[in-house]
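First residue of the sequence shown: -1, per my numbering; consecutive thereafter. The beta-carbon is built from N, C-alpha and C at its ideal position, and this holds for glycine as well. Computed from a predicted structure; not experimentally measured. Contents: one structure, followed by commentary.
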Amino acid sequence: MVLKETLLRHGYRFESDTDTEVIPKLAKFVYDRLSEGTSVNGEETQEVTFSQVVMEVMRQLEGAYALIFKSSHFPSELVACKCGSPLLLGVKDAAEPEMKMDQFINNDLLHDKRQGRPKEYFLASDGSAVVEHTKKVLVIEDNEIAHIKDGSLSIFKFDTAKARKIGGVPRPASVQRALSILEMEVEQIKKGKYDHYMQKEIHEQPDSLTTTMRGRLIRGGESKMKSVVLGGLKDHLRTIRRSRRIVFIGCGTSYNAALAARPIVEELSGVPVTMELASDLVDRQGPIYREDTAVFVSQSGETADTLQALEYAKSHGALCVGITNTVGSAIARGTHCGVHINAGCEIGVASTKAYTSQIAVMTMLALALGDDSISSRIRREAIIDDFFDLPSKVREVLKLDIEMKELANLLMEEQSLLIFGRGYNYATALEGALKVKEVALMHSEGILAGEMKHGPLALVDETLPIIVVATCDATFSKQQSVIQQLKARKGRLIVMCTKGDAPSLCSSGACRFIEVPHVEDCLQPIINIVPLQLLAYHLTVLRGYNVDQPRNLAKSVTTQ
Ligand code: UD1
Ligand code: BG6
């Protein structure tokens, strides 16, 4: 606002209300000012450079951004910079032999002209946009500037804090950067036989879960031991076990995944687990202590609220653990240790396969934390056994696709959908409702069934559709009673239950059922969410909305 007001005072006119528009206008303003300062009596004394203009703009900006500048004043030049938001540079050189991972390059190596080799550069916020051109990338860090001029690239660091302090632009320092290789295949960003990415990603879950588990679950061998190995955490498990509290922090689907894993982490570690929505933790400046382990869950690893919560927790001395899907992301780099969920590139804005892989990883975290306890050994081994069956069980539940399409047909004209769950499946209710609202643009609410009598029951009548998750676990009899009470109010019920349980839940034929295969209670949310993902997908298609890019939403929310 301050910058915009200044520019308005100087006669600039704006065509939009976006803060983005302020930046090019500011660049023009800065360019004019710098040009005036370098001419005496109309004679040029010193040339204004493009990077000088950009640095001056950066000095004045606050908040998160990733920017690429082009200007008619500087033909054949391009300047890119970032702060907070992700930016990477792809480097393609057809004539160059394959580069090795982490090969260090300096600016000389990137000078095409000197080496006489043509190069192409790609700037993007995410590897998936670059991978079809090249796998060689440089991750641009905060306050770095990439300057491409006549085909040559140079990267330098610009100290914005110092610039603000001295009220001018200090001399930038040239930096050496490592080239890394994207671990992603072009096929991952293609839809293949599917109509939409969300559909593809839902159906990929047997494979994405297999990749998440690969090399991390051990069964058999000579000792017949069943155990979990999380390479990124093995040196930190003792510290986590001894922490006073584990705090799960995330936004949206990632928060829901942490909520699904919370009971098993508490059960197997014995450490109390609290839940924090990242923005709320920061708003409240909630207490975080040195004795805490703060676990940051984020598919993209770039969500601004989660990143800010990470900086906050770090400054309070907590051990910071990341659970992310994106190697090299800001959260993966900023945490002390962590686990990559390895679910593969997720393109649909509504998270599906990342959700199930996040739950799988956090359940593995629980197993690893409980590894030193003899009393929970049978329980842990049963979970590990079911982990191995999980991909085939997910394949089985995916067969409900047609059934879910029929259900979507029945519900497509509705205004609202309630989903009741409890225990492990409170998260299923929240996540199912989130999917329905974000893609199908239908009001939907996930409700803790234990809270039913404290308000939601007033909504129940013969028209409002209600999904009740009542798969077999320790809360089953309580859910039986919830179903009875909803039926007594003539509720329009769709009950998700374990195969074979339907008669014990509703014999009158008044309910519709979604029957799913049974797994250990802590893994059941992975199975149960799949039909709800399919339902949200079909509702969206039938209602004629954009599945992969729902209105007003973004895949990575890199601003607050
Ligand atoms: C790692 C390799 C994997 C290899 C395996 C073989 C990477 C990215 N992973 O997997 O390719 O097959 O060893 O043993 O090279 N980390 C964070 N924060 C996060 C996520 C991860 O700090 O949010 C850190 C971890 O502490 C660890 C590193 O990143 O130091 C890699 O984590 P992860 O990929 O989960 O480790 P492995 O499964 O052992
Ligand atoms: C956005 C996405 O809101 O960010 C959601 O649309 C996602 O799908 C949320 O759950 C959090 O993102 P991330 O990358 O931190 O898991």
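Distance check for residue j and residue i, CA to CA, integer angstroms please.
i    : j    : result
L537 : Q203 : 20 Å
E274 : Q283 : 11 Å
T350 : A255 : 11 Å
I179 : A508 : 56 Å
T16  : E429 : 31 Å
L416 : A431 : 7 Å
Y195 : H441 : 23 Å
F511 : V493 : 5 Å
V184 : Y192 : 16 Å
S576 : S327 : For residue 576 there is no data in the structure shown, the boundaries of the chain being -1 and 558.
C343 : Q186 : 6 Å
V280 : A552 : 21 Å
T556 : S475 : 43 Å
K26  : N550 : 30 Å
D370 : G218 : 19 Å
R162 : V245 : 35 Å
H452 : S14  : 45 Å
E181 : E460 : 51 Å
I381 : S252 : 22 Å
Y543 : D124 : 25 Å
E118 : D91  : 7 Å
R302 : E513 : The displayed chain sequence assigns Ala, not Arg, to residue 302. So the two alpha carbons sit approximately 39 Å from each other.
C81  : Q477 : 48 Å
D399 : A427 : 19 Å
V46  : V359 : 52 Å
L388 : V517 : 8 Å
R112 : A144 : Because the pLDDT of R112 is 46, which lies under 50, any placement of that residue in the model is unreliable, and the number read from its coordinates should be weighed accordingly. Their Cα atoms are separated by approximately 18 Å.
E96  : V173 : Any reading at E96 needs caution, since the residue's pLDDT is 46, under 50, leaving its predicted position unreliable; the model's value is listed next. In a straight line, the C-alpha of E96 is about 23 Å away from that of V173.
S554 : P84  : 10 Å
P523 : G149 : 52 Å
R212 : S152 : 39 Å
L409 : V458 : 16 Å
E142 : E264 : 42 Å
G190 : Q197 : 11 Å
T18  : V528 : 38 Å
Would the beta-carbon of residue i fall within 8 Å of that of residue j?
i    : j    : result
F294 : T333 : yes
V545 : G346 : yes
I339 : G299 : no
R490 : L533 : no
A159 : A425 : no
I138 : L86  : yes
V0   : Y29  : no
D499 : G421 : no
G368 : G230 : no
A292 : I321 : no
T469 : N526 : yes
S241 : L317 : yes
Q58  : L6   : no
A447 : V395 : no
K355 : S206 : The sequence shown places Ser at residue 355, not Lys. Yes, they are a contact pair.
A559 : P73  : Nothing can be reported for residue 559, as the shown portion of the chain is limited to -1 through 558.
R243 : V227 : no
I146 : L76  : yes
Closest to residue i by C-alpha separation, out of the options, would be which residue?
i    : options                   : result
C495 : Q44, D519 and R212        : D519
R487 : V245, L305 and P454       : P454
C249 : R243, L177 and T304       : T304
V434 : D459, I465, H452 and A456 : I465
P261 : K133, D140 and V271       : V271
A438 : E412, K232 and K23        : E412
A122 : G88, R236, C318 and P285  : G88
T361 : G165, G149, Q58 and T210  : T210
P168 : E54, I321 and G149        : E54
S506 : L235, Q482, Y353 and F12  : Q482
T324 : V77, A352, H314 and A311  : A352
I21  : S33, Y63, E34 and S225    : Y63
S313 : V319, S296, R331 and R288 : R288
V129 : F154, K188, C79 and Y10   : K188
At a cut-off of 7 Å, is residue i close to the ligand FAD when judged by its beta-carbon and the heavy atoms of the ligand?
i    : result
G250 : The ligand FAD is not among the ligands present in this structure, which contains only the ligand UD1 and the ligand BG6.
Self-check item: Sequence-ordered residues whose beta carbon comes within less than 5 Å of a heavy atom of the ligand UD1
Solution: After applying the 5 Å Cβ criterion, the set is G229, G230, G320, T322, V325, A330, T333, C335, G336, V337 and H338.
Quiz item: Hey, which unbroken runs of the beta strand (DSSP E) at 3 residues or more fall wholly within the segment 439 to 521?
Solution: Positions of the beta strand (DSSP E) runs, each at least 3 residues long and wholly inside the segment 439 to 521, are given as 441 to 446, 463 to 467, 490 to 496 and 510 to 514 in order along the chain.
Quiz prompt | Every unbroken alpha helix (DSSP H) within the segment 221 to 253, with a cutoff of 4 residues, ordered by chain | solution = Correct list: 235 to 239.
Quiz item: In the segment 50 to 87, which residue ranges form an unbroken beta strand (DSSP E) of at least 3 residues, counting only runs that do not cross its ends?
Solution: Within the segment 50 to 87, the beta strand (DSSP E) runs of at least 3 residues that lie entirely inside it are, in chain order, 63 to 67 and 75 to 81.
Self-check item: Start-end ranges of the alpha helix (DSSP H) lying completely within the segment 137 to 208, minimum 4 residues
Solution: Within the segment 137 to 208, the complete alpha helix (DSSP H) runs of at least 4 residues are 158 to 164 and 195 to 201.
Quiz item: Can you list the alpha helix (DSSP H) stretches of 4 or more residues lying completely in the segment 373 to 414, in chain order?
Solution: The qualifying runs are 375 to 396 and 399 to 409.
Quiz item: Can you list, in chain order, the stretches of the alpha helix (DSSP H) that have 4 or more residues and sit fully within the segment 256 to 310?
Solution: DSSP runs (the alpha helix (DSSP H)) wholly in the segment 256 to 310: 276 to 282.
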